[in-house]
Amino acid sequence: MPAAESPTAAAPRRRRARRLASGALAVFALLLAGPIVTLLSGRVAAGTDWRTATHRSAGIAPDPATTHEAVVQVYAGRAFGWRGAFADHTWLAAKPAGAAAYTRYEVIGWYAGGDRSVVAVSDRRAPDAEWYGNPPRLVRELRGHAAERVIARLPEAIAAYGYPNTYRAWPGPNSNTFVAHLGRALPELRLALPPTAIGKDFLPLDRMLGPTPSHTGVQFSVYGLFGVSAGIEEGLEVNLLGLVTGVDVANPALKLPGFGRVPGDG
C-alpha cells in the first residue's frame with residue numbers, strides 16, 4: 103500500500119491549483135467587464151419590448167430613386183435585449199443597378215424550428231433599419247461593378263450555407279455565422295466583421311482551420327468557443343468562449359468584448 107502523501111509535499115500542488123483557479127476567474131471577470139459596462143451605460147436598448155421596438159431607417163443607404171448603380175452593404179446592430187451587451191446582429195443588403203428597392207439577406211432566430219429556413223431574403227424592411235431599436239452601423243460597402251459581381255454570386259453563396267434550418271445564439275450558427283459565410287464565399291467583399299459579431303468564428307469540428315471572413319488571413323477555431331485569427335483586415339483576434347479580444351494594426355484600434363472596436367465601434 104503506497105505511503106500517504108505528506109501535507110508538506112501536497113502544499114505546492116494546492117497553491118498551483120489555487121493560482122490556476124484565481125487566474126481563470128480573473129480572465130472570466132475581464133471578459134464580462136465590457137458587456138456589463140455596455141449594459142449599464144444604456145448603449146443597448148435592453149428593456150425594449152419586441153412588439154413595440156422600432157425598425158426605422160437610419161438614412162445610411164443610398165436612395166434607390168437617385169442612385170442607379172449597384173450597391174452592396176453590410177450592417178451590424180446590437181442584438182435584441184440584454185444580448186446586445188455582448189453581441190451584434192449582422193446582415194447584408196443589396197440593390198442591383200437600376201433596382202427600385204434593396205433586398206436584405208439575414209438569418210433570423212425567430213424562424214428556427216420546424217421546416218422553415220432561418221435564412222430570410224426580403225425587401226419589406228429598410229436596408230438600414232434599426233434592429234429592435236438599436237441603430238445600425240455600416241460595416242462594408244461596395245458600389246458599381248464590384249457590387250454587381252457580388253450580387254451575381256449571392257444566390258450561389260446563400261445556397262451553400264450549411265445551416266439553413268439551425269440557429270443557436272451562442273456559440274453559433276447564428277446570423278453572424280451566416281454573414282461570415284458570405285464573406286468567405288465572396289472574397290471580393292473583403293468583409294471584416296465587428297469583434298462583437300459573436301458566431302462569426304463558428305466553424306465545424308471537421309474544418310477548424312480556414313480563411314478569415316475577409317479572405318485576407320487565416321483562422322483556427324474550435325466550434326466558435328476558442329480560436330485565433332490573423333488577417334490584414336481583421337488584425338489579430340483571440341476568441342475565448344465566443345468573446346473576442348484583439349488589436350487592429352492597419353486601422354488602429356483595440357478589440358474588446360462588449361465594447362467592440364475602441365475607438366471606432368458602437
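Everything in the sequence shown is counted per my numbering, starting at 103 for the first residue and increasing by one.
Quick reminder that beta carbons are idealized off the backbone N, C-alpha and C, glycines included.
The beta carbon of residue 309 lies closer than 8 Å to none in the same chain, with the five residues before and after it left out.
Taking a C-beta distance under 8 Å as the contact criterion, residue 338 and residue 315 do not qualify as a contact pair. For residue 291, the closest alpha carbon among the candidates 209, 322, 323 and 250 is that of 250.
Burial state of residue 236 is buried, judged by a 10 Å Cβ sphere holding 16 or more other Cβ atoms.
At a Cβ-Cβ threshold of 8 Å, residue 356 and residue 349 count as neighbours.
Residue range 246-261 is occupied by the alpha helix (DSSP H) that includes residue 257. Judged by their CB atoms, residue 303 and residue 276 are not nearer to each other than the 8 Å cut-off. Rounded to whole angstroms, the separation of the alpha carbons of residue 262 and residue 284 is 9 Å. DSSP places residue 345 inside the beta strand (DSSP E), whose first and last residues are 345-350.
In the DSSP assignment, residue 192 falls outside any alpha helix (DSSP H) and within the unbroken beta strand (DSSP E) covering 190-197. Sorting 150, 119 and 255 by C-alpha distance to the C-alpha of residue 234 places 150 at the top.
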